[in-house]
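These notes concern the structure reproduced below.
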């Protein structure tokens, strides 16, 4: 009997989390410069793009400065941002060329909107600095490890990521009772607190019935379209 794949391959999952992440801190390797707060986002290839203002450590820094950028992925549930993953991207800085600035800004604006992006695109004071990946350390739930640049950059986020995130927001906002009932059917136990849809991808769904407790539910076969994903989710929530 063939068993279903229970979760995305690690590189795909890390790229998915990166696509939903925001930079929080940046540090310069081999330097006594303190770790600094970071702003920006992640481009379509999974590379951090930092929005750097005058006076900040990377403003005007030489190209190929070796840095580590912390990326944080969170999930808002019940009005509170909960951590999903921390990614530490080590790589070399490179100014985003003027011809690529608009595309870079658009790539990060949806997930990480920032008014200074417009000033950077127009050649204003903030600068856009890309980090070319050397390796990525990931810490998510009970999983951790390292991806080299070749593996990380050769992968891609879940192809159903945008509709999956819309479904997560809808279900968490409108179907609390069905989520609780689904968790109770899966565990055979009463669930006293709130249950949230924590992750949704082409391979399955993850419910969060409480802090530190996750329930992974694989689909019988990977979803290949948003309609298939929506159907699989509806079956999970149906009594």
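Numbering (full-length UniProt numbering), first residue to last: 1 to 239.
Virtual Cβ for every residue (Gly too), placed ideally from N, Cα, C.
Nothing here was measured: the structure is a model prediction, and the numbers come from that model.
Self-check item: Bridge partners - residue 95, DSSP secondary structure assignment
Solution: Residue pairing of residue 95 in beta bridges, as defined by DSSP: 129.
Quiz item: Considering residue 222, what are the terminal residues of the beta strand (DSSP E) in which it resides?
Solution: For residue 222, no beta strand (DSSP E) encloses it, and the DSSP letter there is neither H nor E.
Self-check item: With 16 other Cβ atoms within 10 Å as the buried cut-off, status of residue 164
Solution: Classification of residue 164: buried, given that the 10 Å Cβ count is 16 or more.
Practice problem: Tell me, please, which residues DSSP counts as bridged to residue 144. | Solution: DSSP lists 139 as partners of residue 144.
Quiz item: DSSP three-state call for residue 1: helix, strand or coil?
Solution: In this predicted model, residue 1 has a pLDDT of only 44, less than 50, meaning its place in the structure is not dependable enough to derive any value.
Practice problem: Could you spell out where the alpha helix (DSSP H) holding residue 41 opens and where it closes? | Solution: For residue 41, there is no enclosing alpha helix (DSSP H); the residue is found in the beta strand (DSSP E) stretching over 40 to 42.
Practice problem: Note the first and the last residue of the continuous beta strand (DSSP E) segment covering residue 153. | Solution: Here residue 153 belongs to no beta strand (DSSP E); instead the alpha helix (DSSP H) covers 149 to 154.
Exercise. Counting only runs of 4+ residues fully inside the segment 56 to 111, write out the alpha helix (DSSP H) ranges in chain order.
Key: DSSP runs (the alpha helix (DSSP H)) wholly in the segment 56 to 111: 98 to 109.
Quiz item: For residue 236, does the three-state DSSP call read helix, strand or coil?
Solution: Three-state result, residue 236: helix.
Quiz prompt | Segment contact flag, the segment 207 to 217 with the segment 165 to 172, C-beta cutoff 8 Å, min 3 pairs | solution = Under the three-pair Cβ rule at 8 Å, the segment 207 to 217 does not count as touching the segment 165 to 172.
Practice problem: Could you work out which residue in 78, 29, 229, 45 is closest to residue 61 when comparing CA atoms only? | Solution: With respect to the C-alpha of residue 61, the residue from 78, 29, 229, 45 having the closest C-alpha is 29.
Exercise. Using a threshold of 8 Å, state whether the C-beta atoms of residue 14 and residue 160 are closer than that.
Key: Going by C-beta atoms, residue 14 is not nearer than 8 Å to residue 160.
Practice problem: Evaluate the contact criterion for the segment 176 to 187 versus the segment 32 to 43: three or more CB pairs, one atom per stretch, below 8 Å. | Solution: No, the segment 176 to 187 is not in contact with the segment 32 to 43.
Practice problem: Would you check if there are 3 or more beta carbon pairs closer than 8 Å linking the segment 139 to 146 to the segment 104 to 122? | Solution: Under the 8 Å Cβ criterion, the segment 139 to 146 does not count as touching the segment 104 to 122, having fewer than three qualifying pairs.
Quiz item: Got a sec? Which residues, its chain only, sit under 7 Å from residue 232 by beta carbon, not counting five neighbours each side?
Solution: 219, 223, listed in sequence order.
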